[in-house]
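Here's the structure, in structure tokens; my notes come after.
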Amino acid sequence: MPKANETVLEINLAALKENYLYLKSKISSNTKFLAVVKAYAYGNNTDELATYLENLGVDYFAVAYTSEGISLRNAGIKKPILVLHPQIVSFNLLIEYNLEPNLYSRKILNEFIEQVELVKKKDYPIHLKFNTGLNRLGFSLNDTSYIAKTLKKTKAIKVKSIFSHLAASEDLNEQSFTQAQISSFKTITNDLINLIGYQPILHLCNTSGILNYPEAHFNMVRSGIGLYGYGNSVRENQNLKPIGTLKTIISQIHTLRKGESVGYNRGYISNSALKTATLPIGHADGIGRQYGNEKGYVIINNQKAPIIGNVCMDMIMVNVTEINCNEGDEVIIFGPNNTAENFAKTANTISYEILTSLSQRIKRVYLY
Ligand SMILES: *Cc1c(COP(=O)(O)O)cnc(C)c1O
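Following our numbering, the numbering of the sequence shown begins with 362 at its first residue and continues without gaps.
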């Protein structure tokens, strides 16, 4: 791997492929694979990753918003794209770019039908989401006959899939809750399929669902975090490989006397002689203030250097008193050996948050 000479997120596409093949090995060959590439593919940048994943053979993509789907189409993605949280105001664009909406309520179902009828399209593919316990987005169990009646009245749309989302697929203490979600999903889909008279794709599992609930894969699975190398468990983390390494360099080294302070509001006061390194990455890059004051640490020459004082917008200062290092030396914030999950834990958060927080001003570099 090349040494960093500025702040970069290095993205290992060979690791992405390994993760994809591992996850594929967990599902049957006739189960489809949907790659979740919302939020810049969890901070890795969508266009490059989606193109790579399309070439690997994924069947479907999902994004959160229409604008993200448009960007995928502009990057040349041909596979179907599910928009998980479409906004009514951009339905016209969603249709123009041949994106497929998740319709999760009576209002959004009717608004979408109206829009498709306006442009005189037929059998436009849509996805119906049911709430089975997450209580976030989704129709309820007793909406099935309303949906079926509404569908009978129009030729504008066709149900391409029915899905739901697990609330605690990574938490093995919540197995009975998850089993209840699975069984409620079965009841709903049986009911709706009987009413509409055809069989759409059924899907329920995210990454941890794929790994923990093989009996619930149905016709398709949806994976985000697993593709990027995190399995939400010690066991599964061993089978996956983080694709991103966040690196930076030392901009300057300071030697302080006892009693001197570091950073804004004198957030750190040294109680003995201290050597600090200033790094060109801060809260505007996604390293939030919660990592400051010795919560988070970075790795310099294989040693831990705690972040001291307050995180600044464009910089952090780390304690390198015990570390032999120089201006220009490479710094690892997270990577395969010191994972984003561990880094996130130091600030009481999860890999998903740190990955998707990395700002667009951090340069992305791809290793093939
Ligand atoms: C984000 C999201 C996923 C992906 O979940 P991972 O845990 O990253 O695999 C799957 N399904 C839905 C509905 C989502 O919103």
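Every residue gets a Cβ at the ideal spot worked out from N, C-alpha and C, and that includes glycine. Here the structure is a predicted model, which is why all the values come from computation and not from measurement.
CB-CB length for residue i against residue j, believed under 8 Å
i    : j    : result
F704 : G657 : 6 Å
I487 : I518 : 5 Å
L410 : K378 : Contact flag wrong, Cβ pair sits at about 11 Å.
L374 : Y727 : 6 Å
S612 : L640 : 6 Å
E429 : I610 : The Cβ separation is near 32 Å, so there is no contact.
G620 : S631 : 7 Å
S720 : A666 : In fact, because the Cβ distance is near 22 Å, the residues do not count as touching under 8 Å.
K393 : V424 : Actually they are not in contact, since the Cβ atoms of K393 and V424 sit about 17 Å apart, beyond 8 Å.
F538 : L565 : The Cβ separation is near 14 Å, so there is no contact.
I359 : V681 : The first residue shown for the chain is 362 and the last is 729, placing residue 359 beyond what the model contains.
S594 : E531 : 7 Å
In DSSP terms, what residue i is bridged to
i    : result
Y658 : P667
F500 : F491
E461 : L443
N680 : T637
S622 : I630
F524 : K490 and H564
K364 : None; K364 has no bridge partner.
Q613 : T639
Y485 : I518
R434 : Paired residue(s): none; R434 is not in a bridge.
I456 : The partner list for I456 (beta bridge, DSSP) is empty, contrary to what the question assumes.
I693 : K608 and I660
Residue i, DSSP secondary structure in three states
i    : result
E688 : coil
L640 : strand
V424 : strand
K519 : strand
I715 : helix
Y383 : helix
L728 : strand
I388 : coil
Y591 : coil
T710 : coil
E576 : helix
A529 : coil
N698 : coil
G570 : helix
K733 : Here the chain comprises residues numbered 362 to 729, so residue 733 is not present and cannot be evaluated.
L601 : coil
V450 : helix
Residue i beta carbon near ligand 3 (any heavy atom closer than 7 Å)
i    : result
V397 : This structure does not include ligand 3; its bound ligands are ligand 1.
Sequence-distant residues of its chain with Cβ nearer than 8 Å to residue i (five each side left out)
i    : result
R434 : I442, Y458, N459 and L460
N405 : L370, I372, Y589, I604, G605, L716 and R725
K439 : E415
I456 : Q476, V477, V480, K482 and Y485
E472 : I449 and F452
Residue i: first and last residue of the uninterrupted alpha helix (DSSP H) it sits in
i    : result
L370 : Note, L370: premise wrong, no alpha helix (DSSP H); beta strand (DSSP E) at V369 to N373.
L553 : Q536 to I557
Y507 : T505 to K513
I648 : Segment: none, I648 is in no alpha helix (DSSP H) and carries neither H nor E.
I469 : R467 to L479
V595 : V595 to N598
A701 : A701 to K706
Proximal residues to residue i (C-beta, below 7 Å), its chain only, five neighbours per side dropped
i    : result
K521 : E461, P486, I487, H488, P561 and I562
E691 : K364, A365, K608 and I610
G689 : I610 and I611
I557 : A509, L512 and V520
A436 : D408, A411 and T412
E597 : L572
A708 : G649, Q651, Y652, K656 and G657
For residue i, the first and last residue of its enclosing beta strand (DSSP E)
i    : result
N406 : Segment: none, N406 is in no beta strand (DSSP E) and carries neither H nor E.
I610 : G605 to I610
L719 : Run containing L719: none; DSSP gives neither H nor E here.
R618 : It is not in any beta strand (DSSP E) - R618 carries neither H nor E in the DSSP assignment.
L395 : K393 to V397
V582 : M581 to S584
Cut-off 6 Å between Cβ atoms - residues of its own chain near residue i, not counting five sequence neighbours on either side
i    : result
T494 : Note on identity: in this sequence residue 494 is Gly, with Thr being the wrong assignment. Answer for G494: A528 and Q542, listed in chain order.
I388 : H578 and V582
N463 : L445, H488 and K490
C673 : G643
L617 : S631 and L635
K516 : K483
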